[in-house]
Amino acid sequence: MHEMSITQGIIDLCLEHAGGRRVRSVDVEIGELSSVVPESIEFCFEACCRDTALEGATLTIVRVPGTGQCHECGRETVLTELYGSCCHCGSSRVAIMTGEELRVREIEVDD
Ligand SMILES: [Zn+2]
Numbered sequence: 016m017h018e019m020s021i022t023q024g025i026i027d028l029c030l031e032h033a034g035g036r037r038v039r040s041v042d043v044e045i046g047e048l049s050s051v052v053p054e055s056i057e058f059c060f061e062a063c064c065r066d067t068a069l070e071g072a073t074l075t076i077v078r079v080p081g082t083g084q085c086h087e088c089g090r091e092t093v094l095t096e097l098y099g100s101c102c103h104c105g106s107s108r109v110a111i112m113t114g115e116e117l118r119v120r121e122i123e124v125d126d
């Protein structure tokens, strides 16, 4: 399962960062253009955390909206889908700037 391996990756990163300390909370950024379903990550997180230093940790998912730069008119546009078009001129030649994120933004550990 896709989300399961992503969640495992997030947890491995946290465990490494925490170095044996208890992890209290984790903030993860997920871009709105990524194919990752936040609800699935939340679901997997709880299961994957069991019996690790992350057990009971709070997971906060931060959605990052999609934006792009249009090659045609050069303006910034909002993207609601991966291959969306420019909201100013309708061109589909848009370079994605944000919205594909999948990263751990912050980890809070016990002192
Ligand atoms: Zn444009």
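For reference, each letter of the sequence shown is one residue, going 16 to 126 in our numbering.
No residue lacks a Cβ here, since even glycine has one placed at the ideal position from N, Cα and C.
Item                                                                                                                 : Value
Do Glu116 and Ser49 have their CB atoms nearer than 8 Å?                                                             : yes
With 16 other CB atoms within 10 Å as the buried threshold, where does Ala62 fall?                                   : exposed
Using a threshold of 8 Å, state whether the C-beta atoms of Val43 and Val77 are closer than that.                    : yes
As a quick exercise: from Ile25, Ser40, Leu28, Glu47, pick the residue whose alpha carbon is nearest that of Ile111. : Glu47
Counting along the chain, where does the alpha helix (DSSP H) carrying Ala33 start and finish?                       : 17-33
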